[in-house]
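177 is the number of the first residue of the sequence shown in this note's numbering; add one for each residue after it.
Cβ coordinates follow ideal geometry from the N, Cα and C atoms, glycine included.
Reviewing the structure listed below.
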Amino acid sequence: MRLTTAQNDRAAGVLLATAAGDALGAGYEFTYPTPETAIRMIGGGLGPFAPGEWTDDTSMALAIAEVSATGADIGAGDGLDAVAAGFARWYASGPKDIGNQTCAVLSTAQPTAASMTERARALPGRKGGNGSLMRTAPVGIAYLADGERCVAAARDISRLTHDDPEAVEACMLWSFAIRHAVLHGTFDGVDAGLETLPGDAARRWSTLLDDARTASDPRVFDNNGWVVHALQTAWWAVCHADATGPGHLPQALELAVRAGRDTDTTAAIAGGLLGARWGASAVPAQWQRILHGWPGYRSQHLVRLALRTAWAGAGDDRHRPDAEIDYAQFLVEE
Numbered sequence: 177m178r179l180t181t182a183q184n185d186r187a188a189g190v191l192l193a194t195a196a197g198d199a200l201g202a203g204y205e206f207t208y209p210t211p212e213t214a215i216r217m218i219g220g221g222l223g224p225f226a227p228g229e230w231t232d233d234t235s236m237a238l239a240i241a242e243v244s245a246t247g248a249d250i251g252a253g254d255g256l257d258a259v260a261a262g263f264a265r266w267y268a269s270g271p272k273d274i275g276n277q278t279c280a281v282l283s284t285a286q287p288t289a290a291s292m293t294e295r296a297r298a299l300p301g302r303k304g305g306n307g308s309l310m311r312t313a314p315v316g317i318a319y320l321a322d323g324e325r326c327v328a329a330a331r332d333i334s335r336l337t338h339d340d341p342e343a344v345e346a347c348m349l350w351s352f353a354i355r356h357a358v359l360h361g362t363f364d365g366v367d368a369g370l371e372t373l374p375g376d377a378a379r380r381w382s383t384l385l386d387d388a389r390t391a392s393d394p395r396v397f398d399n400n401g402w403v404v405h406a407l408q409t410a411w412w413a414v415c416h417a418d419a420t421g422p423g424h425l426p427q428a429l430e431l432a433v434r435a436g437r438d439t440d441t442t443a444a445i446a447g448g449l450l451g452a453r454w455g456a457s458a459v460p461a462q463w464q465r466i467l468h469g470w471p472g473y474r475s476q477h478l479v480r481l482a483l484r485t486a487w488a489g490a491g492d493d494r495h496r497p498d499a500e501i502d503y504a505q506f507l508v509e510e
């Protein structure tokens, strides 16, 4: 399948809007912005991070995208091992911030999928953190031609660090929704993705999604370090932003940050879906100009990784190594 101009824009927006939400929320993490607070890319937070610098959320997504952009099957075999090795390489770089559960795996496991999956399975206690959902966006564009493989890869990549059923199901659902949004330009894939889950899980997540749609206050999902509340907060922001057209993207990201607490992660999660729906062209130019982070990337690198991933996943011939592509055309100029 050869992607259309609109589909290319939407695919290019997936990583860009993930990073934008992440960097927007980084300066407000574990706070609750008041209505009078202007939401900007101010930096600070737990890093502290520079204005426009993304955090572990986007960095781990990029570790996936660097493999998917080669056309590898990231959900199995050598491709999944390469994703695990990418996580290990990022961890070895000394990240400014890292989730407890992810750290517990990466600090002790070997840089292979089997070792990480086994270590994640063996962790004691509650394991339903949001650390695999925050990075799942590239999985949604890696299998544009095959929804079943998209969902299976989301499951197995989650299990590298988060094998809790709720974390796995959230990644399956959100990755499918991102794939659907790139292909069709709607948010309908969130509900359609329920069909990819087992019966009891599908019914439970249907109720959870409805709760997010109808909630008047996102702080009912205040425990958004937990994957369920993280997804509900992101979906609440998507559903409650009332702007029409591309302006919906920045408004929804602001709402995700205003919801408080794990602001960079919930906004990054929302950003993956919003970028898939509205495209790179909807990410404000002033954000695109200052986005940066591990491993020395800027906006144009995110667009390149996203498009090469999408073209590989769609079987689009523009993925060929000898294809000459001007990726700057997908960025916004003021």
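Rounded C-alpha distance that separates residue i from residue j
| i | j | result |
| --- | --- | --- |
| Ala252 | Asp332 | 8 Å |
| Gly361 | Thr383 | 24 Å |
| Leu429 | Asp364 | 19 Å |
| Leu385 | Thr372 | 15 Å |
| Val358 | Leu191 | 12 Å |
| Ala377 | Arg465 | 41 Å |
| Phe225 | Asp232 | 11 Å |
| Ala223 | Gly270 | Correcting the residue identity first, residue 223 is Gly in this sequence and not Ala. About 11 Å. |
| Ser351 | Pro211 | 32 Å |
| Ile215 | His356 | 29 Å |
| Phe506 | His405 | 33 Å |
| Leu248 | Tyr319 | Note that residue 248 corresponds to Ala in the displayed sequence, not to Leu. About 11 Å. |
| Ile240 | Glu500 | 23 Å |
| Pro314 | Glu294 | 23 Å |
| Ala268 | Thr420 | 43 Å |
| Thr390 | Ala285 | 41 Å |
| Asp418 | Asp440 | 21 Å |
| Ala368 | Ala410 | 17 Å |
| Gly323 | Pro422 | 26 Å |
| Asp498 | Asn400 | 44 Å |
| Asp273 | Ser475 | 21 Å |
| Ser283 | Ser291 | 12 Å |
Nearest-angstrom beta carbon gap, residue j and residue i [assumed within contact, 8 Å]
| i | j | result |
| --- | --- | --- |
| Ala264 | Pro287 | 4 Å |
| Gln277 | His338 | 6 Å |
| Leu483 | Asn184 | 7 Å |
| Glu205 | Asp398 | Actually they are not in contact, since the Cβ atoms of Glu205 and Asp398 sit about 14 Å apart, beyond 8 Å. |
| Met177 | Asp492 | 7 Å |
| Thr442 | Ser244 | Thr442 to Ser244, Cβ: 24 Å. No contact. |
| Ala289 | Asp340 | Wrong, their Cβ atoms sit about 18 Å apart, outside the cutoff. |
| Thr207 | Ala444 | Not a contact, Cβ separation roughly 16 Å. |
| Leu299 | Ala280 | 6 Å |
Test item: CB-CB of residue i and residue j under 8 Å
| i | j | result |
| --- | --- | --- |
| Thr246 | Asp198 | no |
| Ala432 | Ala413 | yes |
| Leu238 | Tyr473 | yes |
| Gly304 | Trp402 | yes |
| Ile317 | Leu449 | no |
| Val479 | Ala456 | yes |
| Ala188 | Leu179 | no |
| Leu309 | Ala260 | no |
| Trp230 | Leu425 | no |
| Glu242 | Gly262 | yes |
| Ala488 | His477 | no |
| Arg379 | Ala435 | no |
| Gly447 | Ala196 | yes |
| Arg335 | Val327 | no |
| Gly220 | Gly201 | no |
| Trp266 | Trp470 | yes |
| Arg311 | Met236 | yes |
| Cys415 | Ala388 | yes |
Residue(s) in a DSSP beta bridge with residue i
| i | result |
| --- | --- |
| Phe506 | DSSP, once it has assigned bridges, lists no residue as partnering Phe506. |
| Gly469 | Tyr473 |
| Phe225 | Gly220 |
| Asp305 | It is worth fixing the name first, because residue 305 is Gly in this sequence and not Asp. Answer is Trp402, bridged to Gly305. |
Extent of the continuous alpha helix (DSSP H) run through residue i
| i | result |
| --- | --- |
| Asn184 | 181-202 |
| Asp418 | First-last for Asp418: undefined, no H or E at that position. |
| His356 | 341-360 |
| Asp233 | 232-244 |
| Glu324 | 323-334 |
| Gly512 | Residue 512 lies beyond the residue range present for the chain, which begins at 177 and ends at 510; the question has no answer from this structure. |
| Val396 | Val396 -> no alpha helix (DSSP H), and no H or E assigned at all. |
| Thr210 | Segment: none, Thr210 is in no alpha helix (DSSP H) and carries neither H nor E. |
| Pro314 | 313-318 |
| Thr441 | 439-454 |
| Ala368 | 365-368 |
| Leu282 | 276-282 |
| Gly375 | 375-390 |
| Thr293 | 289-298 |
Closer than 8 Å to chain B by CB, residue i
| i | result |
| --- | --- |
| Pro287 | Absence of chain B from the displayed structure is noted, only one protein chain being present. |
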